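Colleague:
Written as structure tokens, this is what we have:
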């Protein structure tokens, strides 16, 4: 079969000359690189470069810039908002081969990595160092992709998000120039914060080719707990009180009854099918014991039941594996369904109200949507289960997701706590930020990428 | 006396019409607004507007934009790098009258304030709430100014800097448009991080007119300690080990022998005149007791002497007041002297080496320069005491400061941990960031302020 590509022949020739068999226009490879874990239809790029160094990324970007061809970075393909969909065609730069941990510096509690290193790979490399990298979005995503989408996850309530975790980066700009966005100093007041500008920019301002990230000492003691509550409100109120008292919980996760049911089926657990909190506490043995008492008292005040502690590593792993598998467990509730995943985040004072209104709204629609949340941060997901062959249900789910996003924004929250804007949430950008702030974002995009070549069609509405 | 101003007469008329007696071109008022706490000569603006609302700031900026006249924001005048010097003339907007705490939300651990609220005023307003605002640069600076310079101080090792503390801001852009840079959600992945872009931009991209900042629960227990060491290296090694073990110290400050001598004289303390660490520990009573044991053991291993604890609030206040007065205490070492204050920050693994090399270098010069440091972050200041009437000494001090900045940058650190670039450190921007990153910063400045009206002459080298 003859392969047809929309790329200019000269660019194809130049990329083939530079990268040999690490450049491909094979439809299978392109298709694979135009698909993520969202429910969006694939949008394959026209070619894929498998890069192995910053200089190679710069060379590929420079060539694409010469021919005014879009460039999209690819890590593990685990994004949830169509971040890697080549909606304007172009060349995908696959960074998964840039998977070296370049340095671990225990004295400075930091590590430098290539962008294709996944969070689990980094933690494996840290084995024996007494340190760990806490950011945990569930998927074993690449650290470059996590930075690009400002990812977070279950540990963010204690350890922050990628915004707080990245100290400095190497970035290839739209015209191929290579910049460093900071030093390894823990703090700096030296000029514009380029690091934070590229974190969360979803590859629309440049491609991250190296990162220095903060590490944390492994806690001396870790304990987990599961506690069921009579109502979601009781669970959320326990969370609010825990945070307000300054208990440094490492994780505090909410699951609604439906999610617990799904997990019991999928992971063969025997949790009580009720609104449930999963906790994890980190610290010294005495500190964890003290946190435990406080958390248990708060839960008891709010009708918490079946408080079960898991101190042994294998029990903890089993619990968190079940939590991380919740996405797949929930998909199993409705065979053949895909999930339209929402990601709102609100001030914690509005969380109970936001969840209650969203569950009321859900009851009106007849849709199935288990709820999971990183509730210490005010962030929760509803997984709207929809059969791809049912356009009416898909329309209903999209309308529901829009009402949910609008509700969160009206509560001074955000339409996305951790997944990013990508394609699908661009329509909320004006509502969330206002027209003037969006104009400022467009001015920055135009300044750094005047030909709109870096992951075009993402973040900013057309 | 007739008042002469370089401002266009039409602008003077328009500002006078809009602001009445809250607009002034009086030389005395202009002179006051062109002076900060640095050793730089004053550079007064040509007029001062005393603004009382975001709309008024927008109105003043719009008028200045129309006449292409520079605009400089003023808070408390406590900057250390000439941030408010009107080096290109223009209108100063004094925000000290915008001093209202707009909301305190204990459930969300946040507060919204006008930019002229000082850190002490915010903490006074929080009295009784069980919360506090931890960022503490020493001076009772305005929170708007602290955000603009990405300030931090003694508590940053535990609570972060203004980078981590600001959730969202209202900003007036160069053409007078008003934007919001974020929501009150604790985390968001919705587009470019405008909040972090304006934090640390030193008023060169816009003027901050409202801020929502994070608060923290007041710790149940607080304890302080002072410990003398045989050498600076022993003190620094104690700090490194404390940080590496994950002890969540709230403050850990280094003073060299000369600083201690200065403090003893100025604050009538009786500290041993040796390299000294000041600690503060926050937590539950049991947690603080546990931290205390660890810190004490580490100090003992490194030859720490005269370990003295201060648990009572008045003892603690006395200790920290002495620390905060160290700047004035050090000036007292050399009557008539001003301080050329340095502010480098390096990875903590390089801290002992950086300090040792800097003290060696100092010994060669014959200059007097006490050393004070937020050493948990790798940040330290040397106060180069110079008589303003001694140009030879000033030249020597400037050359020393340059070698110190270059040394820190070579160690993958920064020329400024918390004071900002302002006027004097622009010359290090290329060395620290590289030409390509600086070009990206210039592109952002050009995009948001095409006529270079917002605090021109700061951050970016001419």
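Chains as they are written, first to last, in this note's numbering: chain Y, 78 to 539; chain S, 78 to 539.
We put the CB at the ideal spot given by N, CA and C, even for glycine.
Please read all numbers here as calculations on a predicted model, not as lab measurements.
Between the C-alpha atoms of residue 234 of chain Y and residue 453 of chain Y, what's the straight-line distance to the nearest angstrom?
Modeller: Computed Cα separation, rounded: 6 Å.
Colleague: Is residue 182 of chain Y helix, strand or coil by DSSP?
Modeller: Note: residue 182 of chain Y maps to strand in three-state DSSP.
Colleague: According to DSSP, which residues form a beta bridge with residue 304 of chain S?
Modeller: Residue 304 of chain S is bridged to S:354.
Colleague: Can you have a look at residue 376 of chain S and say buried or exposed, based on whether 16 or more other CB atoms are within 10 angstroms of its CB?
Modeller: Result: buried.
Colleague: Is DSSP giving residue 257 of chain Y helix, strand or coil here?
Modeller: Of the three classes helix, strand and coil, the one that applies to residue 257 of chain Y here is strand, per DSSP.
Colleague: Assuming residue 227 of chain S and residue 517 of chain Y make a contact with CB atoms under 8 Å, what is their CB distance in whole Å?
Modeller: That pair is no contact at about 19 Å.
Colleague: Could you please give the first and the last residue of the uninterrupted alpha helix (DSSP H) stretch that includes residue 142 of chain Y?
Modeller: Residue 142 of chain Y -> alpha helix (DSSP H) spans 131 to 143.
Colleague: Can you pull out the residues from the segment 192 to 205 of chain Y whose beta carbon lies closer than 9 Å to at least one beta carbon of chain S?
Modeller: Going along the segment 192 to 205 of chain Y in chain order, one finds no residue with a Cβ nearer than 9 Å to chain S.
Colleague: Could you tell me the alpha carbon to alpha carbon distance between residue 329 of chain S and residue 439 of chain S, rounded to whole angstroms?
Modeller: Distance between the alpha carbons of residue 329 of chain S and residue 439 of chain S: 24 Å.
Colleague: With a threshold of 6 Å on Cβ separation, who are the neighbours of residue 116 of chain Y within its own chain once the five nearest residues in sequence on each side are excluded?
Modeller: Within the same chain, residue 116 of chain Y has close Cβ partners 415, 417.
Colleague: Kindly identify the DSSP beta-bridge partner or partners of residue 76 of chain S.
Modeller: Nothing can be reported for residue 76 of chain S: it is not among the residues displayed for chain S, which extend from 78 to 539.
Colleague: Would you call the segment 296 to 309 of chain S and the segment 350 to 368 of chain S touching, i.e. three or more CB-CB distances under 8 Å?
Modeller: Output reads yes: the segment 350 to 368 of chain S touches the segment 296 to 309 of chain S.
Colleague: What's the C-alpha gap between residue 500 of chain S and residue 121 of chain S?
Modeller: Roughly 14 Å separates the two Cα atoms.
Colleague: Hey, quick one: how far does the beta strand (DSSP E) through residue 457 of chain S stretch, first residue to last?
Modeller: Per DSSP, residue 457 of chain S belongs to the beta strand (DSSP E) from 456 to 463.
Colleague: List the residues of chain Y that residue 294 of chain S touches, going by C-beta distances under 8 Å, in chain order.
Modeller: The answer, in chain order, is 321, 322, 323.
Colleague: Output the distance between the C-alpha atoms of residue 149 of chain Y and residue 496 of chain Y, rounded to the nearest integer angstrom.
Modeller: Distance between the alpha carbons of residue 149 of chain Y and residue 496 of chain Y is about 17 Å.
Colleague: Which residue marks the beginning of the alpha helix (DSSP H) containing residue 108 of chain S, and which one marks its end?
Modeller: Note, residue 108 of chain S: alpha helix (DSSP H), 104 to 109.
Colleague: May I ask you to report which of helix, strand or coil DSSP gives residue 157 of chain Y?
Modeller: Coil, per DSSP.
Colleague: At the level of alpha carbons, what is the spacing between residue 186 of chain S and residue 197 of chain Y?
Modeller: Taking the straight line from one Cα to the other gives about 32 Å.
Colleague: With 7 Å as the C-beta to C-beta threshold (strictly closer), list the residues of the segment 214 to 233 of chain Y near chain S in chain order.
Modeller: Flagged, chain order: 226, 227, 229, 233.
Colleague: On the DSSP letters alone, give me the boundaries of the beta strand (DSSP E) that residue 337 of chain Y sits inside.
Modeller: Where residue 337 of chain Y is concerned, there is no enclosing beta strand (DSSP E), although the alpha helix (DSSP H) it sits in stretches over 334 to 344.
Colleague: Is DSSP giving residue 267 of chain S helix, strand or coil here?
Modeller: Residue state, collapsed to three classes: coil.
Colleague: Our contact map puts residue 291 of chain S next to residue 242 of chain S with C-beta atoms below 8 Å; I'd like the distance itself, whole angstroms only.
Modeller: Contact flag correct, Cβ pair sits at about 5 Å.
Colleague: Please go through the same chain and pick out, in chain order, the residues whose beta-carbon is closer than 8 Å to the beta-carbon of residue 458 of chain Y, but skip the five residues on each side of it.
Modeller: Within the same chain, residue 458 of chain Y has close Cβ partners 418, 419, 420, 448, 449, 450.
Colleague: Report the neighbours of residue 523 of chain S on chain Y: residues whose CB is nearer than 7 Å to its CB, in chain order.
Modeller: Within chain Y, the residues near residue 523 of chain S are 524.
Colleague: Just checking, does the segment 150 to 163 of chain S make contact with the segment 107 to 116 of chain S on the three C-beta pairs under 8 Å criterion?
Modeller: Enough Cβ pairs lie closer than 8 Å, so yes.
Colleague: DSSP three-state call for residue 83 of chain Y: helix, strand or coil?
Modeller: In the structure shown, residue 83 of chain Y sits in coil (DSSP, three-state: anything other than H, G, I, E or B).
Colleague: Can you find a C-beta in chain S that's less than 9 Å from the C-beta of residue 286 of chain Y?
Modeller: No, residue 286 of chain Y does not count as interfacial toward chain S.
Colleague: Which residues bound the alpha helix (DSSP H) around residue 364 of chain S?
Modeller: Looking at the DSSP string, the run of the alpha helix (DSSP H) that includes residue 364 of chain S is 362 to 378.
Colleague: Please state whether DSSP places residue 292 of chain S in a helix, a strand or coil.
Modeller: Coil, per DSSP.
Colleague: Please work out which residues of its chain come closer than 8 Å, Cβ to Cβ, to residue 537 of chain S, disregarding the five sequence neighbours upstream and downstream, and give them in chain order.
Modeller: Excluding residues within five positions, the ones whose Cβ falls inside 8 Å are 281, 503, 506, 515, 518, 519, 522.
Colleague: Let me make sure I understand the geometry here. Which of Y:155, Y:85, Y:165 has the alpha-carbon closest to that of residue 534 of chain Y?
Modeller: Ranking the options by Cα distance to residue 534 of chain Y, first place goes to Y:165.
Colleague: Got a sec: is the Cβ-Cβ distance from residue 104 of chain S to anything in chain Y below 9 Å?
Modeller: For residue 104 of chain S, the answer is no, since every Cβ of chain Y falls outside 9 Å of its Cβ.
Colleague: Let me see if you follow: with CB-CB separation under 9 Å, is residue 542 of chain S close to chain Y or not?
Modeller: What the structure shows of chain S is the stretch from 78 to 539, and residue 542 of chain S is not part of that stretch, so it cannot be assessed.
Colleague: Can you name the start and end residues of the beta strand (DSSP E) that residue 124 of chain Y belongs to?
Modeller: Run containing residue 124 of chain Y: 124 to 127, per the beta strand (DSSP E) assignment.
Colleague: Does any residue of chain Y have a CB that is nearer than 9 Å to the CB of residue 276 of chain S?
Modeller: Yes, because at least one Cβ of chain Y sits closer than 9 Å to the Cβ of residue 276 of chain S.
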